[in-house]
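Counting from 1 along the sequence shown, just add 3 to a position and that's the residue number in my numbering.
Every residue gets a Cβ at the ideal spot worked out from N, C-alpha and C, and that includes glycine.
So the structure is just underneath, and the comments pick up after that.
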Amino acid sequence: MEQQAGFTQYPVRMTAVMVAVILLAFLGFSIAARWYLLPSRMDDVLMNASEGEIPERMTLVLQHSPTPYQKLAKWMASDRPAISLEASRRLHEQIKQWEQYSGIQIANDATQLAEALHKEMAQYPDKVRDDVHQMAVRMAGWDMGGATQQEGAFLVAVERLMNRSAASKAASEPAASDAMLSEYLDQADTKEATYPRIEPIKHVNEVPLSSGLPWNQADLPTLPRVKSTASQIPLEPSVTTSADVNETLRANQLLSIGQPLKLPPLTSSPRHIDPGPKPLEELPNYGSLTTLEVIWKLHAQSTRLVEHARNELTSRRFTSADLELAARVSHPEIAQRLQVVRELPLMQRDDRKTWLYYMTKDPDESVRYAAAAALITSSDPRLLRQLKAELTTDPSPRIQSLIKR
């Protein structure tokens, strides 16, 4: 009675509480269905869809997925060509749309896409790898402005993707796996060859002695007696002996059988055996370095390391002219690098700003100042914002005053 009286006394409050509980339960179920149940179910629907239904269902899955770029990267490795081609088409369209916006707006999304493609790279066949490599090269040419942290994460992700997608999968795998070798041995005839059995011959060299020997001993010829003499023992000219006359054998000295032979002691040490050339040391992995770090390896003391750095830059689409300019940018003499800073604005190259930007990272303060002074006159607002953001932490007071003008 008291509960019924309480309910009748506060009907509005109790009704509001019940409605709120129902709404919260419905909201929780909706969130669980959208983030956990619905995506997995929709993936199965997409994989079993016909070719005509794939674009529509893929759009539906992407709309309800919290990680659309991971979905597209995974679909690129699908066994169904229709799904793989549709995912590739959508990625190219997305990259084309991003090129119409400034770098600060697309930095995070582009970084997520590059990391998703890098994660699924092991599942891609060679043709898909080439397609992904073209995407990475296209994204690497973007001029990303804004905060240094966002651009740094984007450049690292794109460079890792370029390096991973450059080598084909077939080149990194062994020619034959253990499974292939086992299958070949199962199919091959590995039984031992059989040969006709040879019967053993009995009574070999057995002579019947009941009738005596088969020959007459009187008919055998007599052998002449040989006087036993010792052979001469010449000494090798390459072995030196002691000078003791009693320990040295004369060249014409004869020894009788049974007399112990006294050899002269050796005084020379054994001949030294050349172990041969030393094995070459394993080359370091330059694939994990940034492009600027590899450029500074072009003047290493070891010619093998220099050639290794040139090969790494060539794999990153460096031409012979780029390699020549990179060697000048990282020249050991400061005067040579300053001369490059003065010549770069006059060079007929489309990437002059990129090389000047590299030289703002020079270890010498005068080179950094000259490169920053050349870039500070640019009319590109995004480049100026990026340059000022990065040079704010430069230890040089001159550079600090330059970017504050």
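Residue i classed as buried or exposed, judged by whether at least 16 other C-beta atoms fall within 10 angstroms
| i | result |
| --- | --- |
| I1 | Shown here, the chain extends from 4 to 408; a query on residue 1 therefore has no answer. |
| E54 | exposed |
| Y104 | exposed |
| K300 | buried |
| S323 | exposed |
| T114 | buried |
| M138 | buried |
| Q389 | buried |
| R93 | buried |
| R320 | exposed |
| D383 | exposed |
| N288 | exposed |
| E102 | exposed |
| T380 | exposed |
| R16 | exposed |
| M350 | exposed |
| H302 | exposed |
| A125 | exposed |
| A28 | exposed |
| R132 | buried |
| E285 | exposed |
| E162 | buried |
Pairwise C-alpha distance: residue j and residue i
| i | j | result |
| --- | --- | --- |
| L164 | V140 | 9 Å |
| E59 | S168 | 30 Å |
| R385 | T18 | 58 Å |
| A375 | D47 | 55 Å |
| A143 | V20 | 56 Å |
| L341 | K74 | 48 Å |
| Q339 | E368 | 14 Å |
| E118 | A23 | 42 Å |
| F157 | P282 | 40 Å |
| A312 | V64 | 45 Å |
| L378 | K356 | 7 Å |
| K407 | T396 | 12 Å |
| K364 | P128 | 38 Å |
| Y361 | L88 | 38 Å |
| E327 | T317 | 12 Å |
| N51 | A329 | 52 Å |
| P398 | V344 | 20 Å |
| N314 | R371 | 27 Å |
| A160 | S404 | 33 Å |
| D112 | M61 | 19 Å |
| H67 | E56 | 17 Å |
| A254 | R307 | Unreliable placement is indicated for A254, whose pLDDT of 49 sits below 50; the coordinate value is still reported in the next sentence. Each residue's alpha carbon lies about 58 Å from the other. |
| K99 | S91 | 12 Å |
| A76 | P400 | 46 Å |
| L116 | E296 | 25 Å |
| H334 | A85 | 51 Å |
| W145 | E154 | 10 Å |
| I298 | K391 | 24 Å |
| N166 | A80 | 19 Å |
| L49 | L292 | 40 Å |
| D134 | L120 | 11 Å |
| E346 | P366 | 19 Å |
| I402 | L394 | 7 Å |
Residue i: first and last residue of the uninterrupted alpha helix (DSSP H) it sits in
| i | result |
| --- | --- |
| N51 | Here N51 belongs to no alpha helix (DSSP H), and DSSP marks it neither H nor E. |
| E80 | In the sequence as presented, Glu is not what sits at residue 80; that position holds Ala. Premise fails: A80 is in no alpha helix (DSSP H) and is neither H nor E. |
| Q66 | 57-66 |
| D412 | Residue coverage of the chain in this structure runs from 4 to 408, which leaves residue 412 outside it and unanswerable. |
| P400 | 400-406 |
| S369 | 368-378 |
| M1 | Residue 1 falls outside the range modelled here, since the chain spans only 4 to 408, and no answer is possible. |
| A338 | 337-346 |
| R388 | 384-394 |
Worksheet item: What are the start and end residues of each continuous alpha helix (DSSP H) run of 4 or more residues lying completely inside the stretch 286-325, in chain order?
Response: The qualifying runs are 294-298, 306-318.
Worksheet item: Which parts of the stretch 89-120 are runs of the alpha helix (DSSP H), unbroken and 4 residues or longer, counting only runs that do not cross its ends?
Response: List check, alpha helix (DSSP H) in window: nothing returned.
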